[in-house]
Amino acid sequence: MGFSSLHAQKKNESYQLHISRATSSIVVDGVVDELAWQAAEVATDFWMVLPMDTSRCKVRTDVRMTYDAQNVYLSAVCYHGNIEGPYIVESLRRDWAFAKNDNFIFFMDTFDDQTNGFTFGTNAAGAQWDGLLYEGGKANLSWDNKWTSVVRNYPDRYVLELAIPFKTIRYKRGISRWGINFSRQDLKTTEKSSWTPIQRQFPTASLALTGVLVWDQPPPQPGPNISIIPYALTGLTRNYEENTPTHSRFDAGLDAKVAVTSSLNLDLTVNPDFSQVDVDQQVTNLDRYELFFPEKRQFFLENGDQFTNFGYSTIRPFFSRRIGLGGVPIRFGARLSGKLNKDWRIGLMDMQTGRVDETGLPSQNFAVIALQRRIFARSNIGLMFVNKESLAHTPVTDKPTYTRFNRNIGLEYNLASANNFWSGKALYVKSFSPETNDPEQSGNDAVYAANLQYNTRRWLIGGQVESVGKNYTAEAGYVPRRGYERLMGTIGYTFLPTRSGVLSHGPTLTSTYFFDPAGRQSDNENYLSYIVTFRSKSVFTGWIATDYVRLLQPFDPTNSGQQTLSTGTEHYWTAWGTQFVSKPQSVFTYGFSSRYGGYYADGTRLNLTADIGYRFQPYVSLAASANYNDIRLPQPWGHTTFWLVGPRFDLTLTNKLYLTTFVQYNEQQKNMNVNARVQWRYKPASDFFLVYTDNYLPNSAQIGQDVPGFLSVKNRALVLKWTYWWNL
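Residue numbers (this note's numbering): 1 to 728.
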């Protein structure tokens, strides 16, 4: 199968489910005894995806769909398998981890373009899952919208019933066929199944492999679709380190969603606040470059892939987390995004931030234009323009100087074959900054990159090239490294034994080479791993790697503010490691990893991590992670150790009332913080949040360190926030 499949029709075209208007009213109660359900067509006799992908599944699932003027409805009857015992879930927390829950989820490709869509579902206890699908089958679960569901449990099955308002999703006016697929996971039997046949190397979310939802008539238009989402917030903060009085605050703001068409949406925001967003999970940073943390703020998420996924993971001309974090206020913003038709997508965004007098940061405007045109079966061409501009900025002598503007314009081609085996990208981006008389700062301000990957049941073969100019800048993006060329190749093979306790096993070799602007090699890594996946769903990985680094700038190998290694010094080492993740069926789960070997300056580094979890299902989930680094280097660094510990407690009284407490102790950053959040979803997409945060003074978490005492508070905050989703 090759590039001729670019023009082929959808692989699972023959799998069709006909949906008709409901013949009776439907009450979402998990009973499914209405006449409308009895008249609906049934999707059943699913295919097994795991542990094998060559036969029908053994655990039965029956799915029906219908609709009325306001909602599309789905019911799923999920029968238990032949293994005794209760269902397995993590908790009632929303957007649970797929691998740790018995669940039913489904995927809607409402434009039938095999690229973007929506996913909804629940676990066996009724906790909801919803997200946006992008790039043909990746899911962004931070998206949140209005819909209702009920799960009812019976001795031999659990039954899901849900209603999704047409106003919640986006679809093309007049279209009478959507892509659709249904996925079921039953952990006791270790069986993952799908309505359409899907090879095991692909996720069940793969939109190229969906069937067809055939409407008896085009879905009804939702009519005027305007949502107003106000918030009000009050809170108390106190800085104990500076011994300042307690500061109170009150804020209010507004988001609005306006459906320009059923497939094109206008989002507006005034004075937004994101204090309720999950805290970032800290990591020990021993890298020479900036780390990446994902966007979780609702305003930036719908159709966010068109903005933030332009480029590669380390070459992003636009990254929304550059806007409004670190105490920088967002004053207002607007975004128009969605489909113009089946082939064209558009994204326009404009965000305005306020000035910050303490740092001299001026008011700034961020404007982004993204345009995408589908070609062939699933491929597309994308164009992006990004403009970051400082407004009325007058440099101050004792404050940082900020550039007047930074602009990026880029073009990319995304390859995705109809059979899902081939994928790739070709990219060109150029940056523009204020003119300078320094010739060192002109030219070399572009990016060229391309990759191609072939992925079948047994083979994984890929290659990638990148060239990033030393003067390329993306101030509104994420490009942690500049002035290099990179070559990378990957080859892997998977063995698929039958009648064995091992589900699959096989090696993967990845080689990466970096070159400086003069063409001299600056880094390389060869990484050979062997992965064994057991039928129980536990996974063991062993690996060995060789590294070479020629430093292009000074670097502290402990990243803790100590002396640096000199530019131009060369470092070689070999390291090995292991990783194990236990089977998810147990109420007690665990995992560990190890890394031991050489390090910079002929030193050694030992890294050990452990993760444990225990659940009292479905109400309580306990988890803890620990990361230990032992670095031994010559003087002046000597012997350095870092602990990173993060226990987490989730109490889910219902699928609408949650308490999450997350503690993080980061010895490298000399910080310990506690974040506790209560969320009550009193109506769909409408919430009360109570958020408590403590940060502690450096070293105060270490017994015997009086600064001024054990667990001395650095600063503390308490926030109460109310949101309401109001449909006009």
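Just so it is clear, CB atoms sit at the ideal spot from N, CA and C, and this is done for glycine as well.
Go ahead and label glycine 121 buried or exposed: buried means 16 or more other beta carbons lie within 10 angstroms of its beta carbon, across all protein chains shown.
Buried.
Are glutamate 302 and asparagine 265 touching if we call contact CB-CB under 8 Å?
A contact, by the Cβ cut-off of 8 Å.
Using the beta-carbon count (16 or more within 10 Å), is valine 42 buried or exposed?
Valine 42 is exposed by the Cβ-count criterion.
Three or more C-beta pairs under 8 Å: does that hold for the segment 589-598 against the segment 566-576?
The segment 589-598 vs the segment 566-576: in contact.
Given this structure, state the Cα-to-Cα distance separating isoleucine 544 from threonine 314, to the nearest angstrom.
Each residue's alpha carbon lies about 24 Å from the other.
How long is the line joining the alpha carbons of threonine 660 and glycine 646, rounded to whole angstroms?
Roughly 13 Å separates the two Cα atoms.
Grab me the residues of glycine 131's own chain with a C-beta within less than 6 Å of its C-beta, minus the 5 sequence neighbours each way, in chain order.
Contacts found: Thr119, Ala139, Asn140, Leu141, Trp143.
Between which two residues does the alpha helix (DSSP H) carrying glutamine 306 extend?
Looking at the DSSP string, the run of the alpha helix (DSSP H) that includes glutamine 306 is 304-308.
Between which residues of its own chain and asparagine 82 is the CB-CB distance below 8 Å, once the five residues before and five after are set aside?
So the list reads Lys58, Thr189, once near-sequence residues are dropped.
Taking buried to mean at least 16 other C-beta atoms within 10 Å of its own C-beta, is glycine 137 buried or exposed?
Classification for glycine 137: buried.
Do you know how far the Cα of valine 678 is from the Cα of valine 713?
In a straight line, the C-alpha of valine 713 is about 22 Å away from that of valine 678.
Would you mind stating whether phenylalanine 534 and asparagine 524 have Cβ atoms separated by less than 8 Å?
In this structure, asparagine 524 does not lie closer than 8 Å to phenylalanine 534 by Cβ.
For the beta strand (DSSP E) containing alanine 39, list its first residue and its last residue.
Run containing alanine 39: none in the beta strand (DSSP E); it sits in the alpha helix (DSSP H), 35-39.
Pick from Pro197, Asp251, Val258: whose alpha carbon is nearest that of asparagine 225?
The shortest Cα separation from asparagine 225 among Pro197, Asp251, Val258 belongs to Val258.
How close, in whole Å, do the beta carbons of isoleucine 19 and leucine 213 come, if the pair is a contact with beta carbons under 8 Å?
Isoleucine 19 to leucine 213, Cβ: 6 Å. Contact.
Going by DSSP, name the residue or residues bridged to glutamate 412.
Beta-bridge pairing links glutamate 412 to Gly382, Leu427.
Could you give the distance in angstroms between the alpha-carbon of tryptophan 680 and the alpha-carbon of serine 275?
Looking at the two C-alpha atoms, the distance is approximately 15 Å.
Between glutamine 199 and chain D, is there a C-beta pair that is closer than 8 Å?
Absent here is chain D; the protein component of the structure consists of one chain.
Three-state secondary structure (DSSP) at glutamate 97?
In the sequence as displayed, the identity of residue 97 is alanine instead of glutamate. DSSP places alanine 97 in coil when its eight states are reduced to three.
Give the single residue among Asn727, Arg605, Lys583 whose Cα lies nearest to the Cα of aspartate 611.
Nearest of Asn727, Arg605, Lys583 to aspartate 611, Cα basis: Lys583.
From Val674, Asn387, Ile198, Arg173, pick the residue whose C-alpha is nearest to that of asparagine 12; which is it?
The shortest Cα separation from asparagine 12 among Val674, Asn387, Ile198, Arg173 belongs to Ile198.
Determine, using beta-carbon pairs with one atom in the segment 379-396 and one in the segment 277-289, whether at least three such pairs fall under 8 Å.
The answer is no - the segment 277-289 does not touch the segment 379-396, with fewer than three Cβ pairs under 8 Å.
Short check: CB of arginine 457 to CB of glutamine 201, under 8 Å?
Contact: yes.
Determine the direct distance from the alpha carbon of asparagine 444 to that of arginine 520, and round the result to whole angstroms.
Each residue's alpha carbon lies about 17 Å from the other.
Three or more C-beta pairs closer than 8 Å, one from the segment 624-644 and one from the segment 599-610: is that the case here?
Because the criterion of three Cβ pairs below 8 Å is met, the segment 624-644 and the segment 599-610 touch.
With a floor of 3 residues, list each beta strand (DSSP E) that falls wholly inside the segment 503-538, ordered by position along the chain.
Listed in chain order, they are 521-534.
Between glycine 462 and tyrosine 472, how many whole angstroms is the CB-CB distance? I'm expecting something under 8 Å.
The pair is not a contact, with the Cβ atoms about 24 Å apart (cut-off 8 Å).
Between asparagine 239 and proline 165, how many whole angstroms is the CB-CB distance? I'm expecting something under 8 Å.
So it is not a contact: roughly 45 Å between Cβ atoms.
Who are isoleucine 105's beta bridge partners in DSSP?
Isoleucine 105 pairs with Gly121, Ser183.
Let me make sure I understand the geometry here. Which of Val465, Phe299, Phe366 has the alpha-carbon closest to that of valine 447?
Measuring from the Cα of valine 447, the nearest candidate turns out to be Val465.
Just how far apart, CA to CA, sit leucine 6 and alanine 76?
Because leucine 6 carries a pLDDT of 41, less than 50, the predicted location of this residue cannot be relied on, and the following value inherits that uncertainty. Looking at the two C-alpha atoms, the distance is approximately 34 Å.
Based on Cα-Cα distance, which residue from Asn271, Thr246, Pro245 lies nearest to glycine 253?
Per the Cα distances, Asn271.
Give the straight-line distance between the Cα atoms of leucine 592 and valine 581, rounded to the nearest whole angstrom.
This sequence places phenylalanine at residue 592; leucine is not what is there. Answer to the nearest angstrom: the Cα atoms are 7 Å apart.
Straight-line CA distance for valine 663 to tyrosine 289?
Looking at the two C-alpha atoms, the distance is approximately 26 Å.
Which runs of the beta strand (DSSP E) at least 3 residues long sit entirely within the segment 245-300? Give them in chain order.
If we require 3 residues or more, the beta strand (DSSP E) runs fully inside the segment 245-300 come out as 247-261, 264-270.
Measure the beta-carbon distance from glycine 489 to glycine 410 and round it to whole angstroms, keeping in mind my assumption that it falls under 8 Å.
About 25 Å; that fails the 8 Å criterion.
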